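Line by line, the protein sequences give chains P and S.
Per the UniProt record's numbering, the first sequence starts with residue 1, numbered consecutively.
Per the UniProt record's numbering, the second sequence starts with residue 1, numbered consecutively.
Contents: one structure, followed by commentary.
Protein chains: 2
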Amino acid sequence: MRGAVIHAPGDVRFETVDDPKIIYPTDAVIRMAVTCVCGSDLWPYRGAEPVGDPHPMGHEYVGFVEEVGSAVTAVRPGQFVVGSFATSDNTCANCANGFQSNCLHREFMSTCQAEYVRIPNAQGTLVATKDVPDESLWPGLLAVSDVMGTGWWAADAAEVKPGSTAVVVGDGAVGLCAVIAAKELGAERIIAMSRHASRQELARAFGATDIVAERGEEGVERIKELTGGIGADSVLECVGTGESMLQALHSARPGGNVGFVGVPHDVAVDGQELFFSHVGLRGGPAPVRHYLPDLIERVLTRRIDPGQVFDLTLSLDQVAEGYKAMDERRAIKTLLQP
Amino acid sequence: MRGAVIHAPGDVRFETVDDPKIIYPTDAVIRMAVTCVCGSDLWPYRGAEPVGDPHPMGHEYVGFVEEVGSAVTAVRPGQFVVGSFATSDNTCANCANGFQSNCLHREFMSTCQAEYVRIPNAQGTLVATKDVPDESLWPGLLAVSDVMGTGWWAADAAEVKPGSTAVVVGDGAVGLCAVIAAKELGAERIIAMSRHASRQELARAFGATDIVAERGEEGVERIKELTGGIGADSVLECVGTGESMLQALHSARPGGNVGFVGVPHDVAVDGQELFFSHVGLRGGPAPVRHYLPDLIERVLTRRIDPGQVFDLTLSLDQVAEGYKAMDERRAIKTLLQP
């Protein structure tokens, strides 16, 4: 089959790779319905993370079950399934605690920008829809497998409550999905921090009530002005840099909460500063599996439409251009059709 | 009047100081019933924090109202009152959110090892008991003004829930009170990390079900062995060093919570490590005022007896010996009687 392989920063190629096969009885193989490029794929693409040897890319997927291992009974060939970028058995102690992305048998997906993909822990990872959903819903369901699940987790980790004020730091696909989540969880005021007109517009469409274009301490000052001088109840940090983390921590009110879902790069939190802020901090890879049934339902009933974060659709063989467009910020997120 | 003044590391003197007076209409002056020495007083005493110019010490107090400012109606002269080391108006936005120790008008107490003390924000800070409590209850009520309130906050910040497993890092007075709090909040298993026989004994008396004497990563391994390999639901960090913070973070299960109440000294939390742990982290100066009515009631009804943390009682003029005994770990906590 064919799939994306990164060879070096800036060098993603669509080429012949091994066909995925059932290796363990708990595996499934799915045929990709749609896949996409993630903001986190840009870290190695931009050389901000080492690439190492050439390797496949991609961790977001929805598709049709092609084959299942002997231990997989939850899904069967032909079904349309949604999963998570982190696979989980959904039975271990961490899964039982709602942290499936810390499953004791977790494997991170990494070969999804391809025609087929092997899903480890398929029994606990995949959720089948009752019927094959209308194609117009595929982008939304694909978003659920990562960015929408991650945005939801940001809101959950930041303890967004009905009537509260939420700030979203980051206007990438995850940040925009975090706006959806904050709204669904009842935030009354949702302040999106964004400098880009098209993203501001989408944030507003998703439920943002205010936009703050300033960044850093200037942005924090604007947040304070909008929140009675004390800061927001919940801040959803969806970037992962030291700067964005400080912006998030300083935007939260004393005793507020920061949920951080951008993989931190060179971030150290000063203990004494965190102490005197009283701010609660929780982050991590989103336990997407925990939210899957609920989020799939919200998409299928068209209550939410996170598929709107895909503003560029390409065929899978154009994957290199998909990376380039996101790297140059010409696209928020690229959908890839096999 | 006479009170304690620190002149340099290791040099605390009991000497004549200015009589406290009402300065603002929101002030009260109280006559000390009992006061004490705090573990945090040892930071400057040990030279781990700069002493600067000679200055009074002490932030824990219970006493009798001597005089109130014109704006104070909540308490009246003659009443027995309990307060907090952090004063608060109890009406600002942060107070309303339950974070009175981040009150917009907060002043930290710092002159309590004395015969009298001025209490700023007296209206919002002081809670009077109905009658003058029996003297045997004064140590417990004094503990409530700081260490018991702080131990409770550690358990609250670490989200101790009925049936859960809690680990307490630190066997000082706060750590021991944190054991009381974890028990009161329903933790089924309470693991106290302590190397000192007398403190282990008190921890057990307060409700600890297990003792772990090992420290650092060895201690973490023991915690893992006791918690099905994954770590504890809640960890109460009651020390404030980089080492104790790591011990706490590593002892929590994925998705667990660390409440940290020891003022952090040279603590930096690695963002990526916190991220992949899924652990929630919240700390700060305890919002004692938030808990006061409840904790006073628990002490007055003798449901809890945090006064047991005082294992050395001296007269106030022996304050220097009180510091020395704690510095040399001959005493957990020194009670001072004017």
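No residue lacks a Cβ here, since even glycine has one placed at the ideal position from N, Cα and C.
These figures come from a predicted structure and were not determined experimentally.
| Check | Outcome |
| --- | --- |
| 9 Å Cβ cutoff, residue 89 of chain P in contact with chain S | no |
| Between the CA atoms of residue 216 of chain S and residue 31 of chain P - distance to the nearest angstrom | 48 Å |
| Minimum Cβ-Cβ distance from residue 277 of chain S to chain P less than 9 Å | yes |
| C-beta neighbour in chain P for residue 85 of chain S, strict 9 Å | no |
| Pick from P:105, P:189, P:86 that is closest to residue 291 of chain P, judged by C-alpha positions | P:86 |
| Interface flag, residue 250 of chain P vs chain S, CB-CB below 9 Å | no |
| Contact set between residue 93 of chain S and chain P, taken where Cβ atoms lie within less than 7 Å | 228, 230 |
| For residue 246 of chain P, the residue or residues it bridges with in DSSP | Note: residue 246 of chain P sits in no beta bridge, so no partner. |
| Inter-residue spacing [alpha-carbon to alpha-carbon] between residue 13 of chain P and residue 5 of chain P | 5 Å |
| Enclosing alpha helix (DSSP H) for residue 7 of chain S [first to last residue] | From DSSP, residue 7 of chain S is part of no alpha helix (DSSP H) but of the beta strand (DSSP E) over 2-8. |
| Nearest-angstrom Cβ-Cβ length linking residue 29 of chain S and residue 67 of chain S, presumed shorter than 8 Å | 5 Å |
| Between the CA atoms of residue 320 of chain P and residue 311 of chain P - distance to the nearest angstrom | 16 Å |
| Proximity winner among P:57, P:106, P:261, relative to residue 240 of chain P (alpha-carbon distances) | P:261 |
| Cβ neighbour criterion (16 or more within 10 Å) applied to residue 178 of chain P | buried |
| Touching by the beta-carbon criterion (3+ pairs, under 8 Å), the segment 257-274 of chain S and the segment 261-271 of chain P | yes |
| Minimum C-alpha distance to residue 25 of chain S - residue among S:302, S:258, S:96, S:123 | S:123 |
| Buried or exposed by the 16-neighbour rule on C-beta atoms within 10 Å, applied to residue 80 of chain S | buried |
| Min CB distance residue 247 of chain S to chain P below 9 Å | no |
| Under 9 Å between C-beta atoms of residue 9 of chain S and residue 47 of chain S | yes |
| Between the CA atoms of residue 329 of chain S and residue 139 of chain S - distance to the nearest angstrom | 20 Å |
| Short CB-CB distance (under 9 Å) between residue 59 of chain S and chain P | no |
| Cβ-based neighbour list, residue 288 of chain S, same chain, cut-off 6 Å, excluding 5 preceding and 5 following | 84, 149 |
| Buried versus exposed call for residue 131 of chain P [16 or more other C-beta atoms within 10 Å across all chains shown] | exposed |
| The segment 147-164 of chain S touching the segment 228-245 of chain S, judged by at least three CB pairs closer than 8 Å | yes |
| CB contact check: residue 168 of chain P to chain S, cutoff 9 Å | no |
| Selected residue, minimal CA-CA separation from residue 279 of chain S, among S:34, S:230, S:129, S:45 | S:230 |
| Cα-Cα separation between residue 38 of chain P and residue 142 of chain P, rounded to whole angstroms | 11 Å |
| For residue 270 of chain S, three-class secondary structure by DSSP | strand |
| Per DSSP, the bridge partner or partners of residue 64 of chain P | P:31, P:80 |
| Where residue 267 of chain P meets chain S, residues with beta-carbon distance less than 8 Å | 270, 271, 272 |
| C-beta neighbour in chain S for residue 263 of chain P, strict 9 Å | yes |
| Short CB-CB distance (under 9 Å) between residue 254 of chain P and chain S | yes |
| Complete runs of the alpha helix (DSSP H) confined to the segment 83-122 of chain P [at least 4 residues] | 93-96 |
| Cβ pair residue 45 of chain P, residue 305 of chain P closer than 9 Å | no |
| CB-CB length for residue 102 of chain P against residue 94 of chain P, believed under 8 Å | 5 Å |
| CB contact flag (residue 212 of chain S, residue 167 of chain S, <9 Å) | yes |
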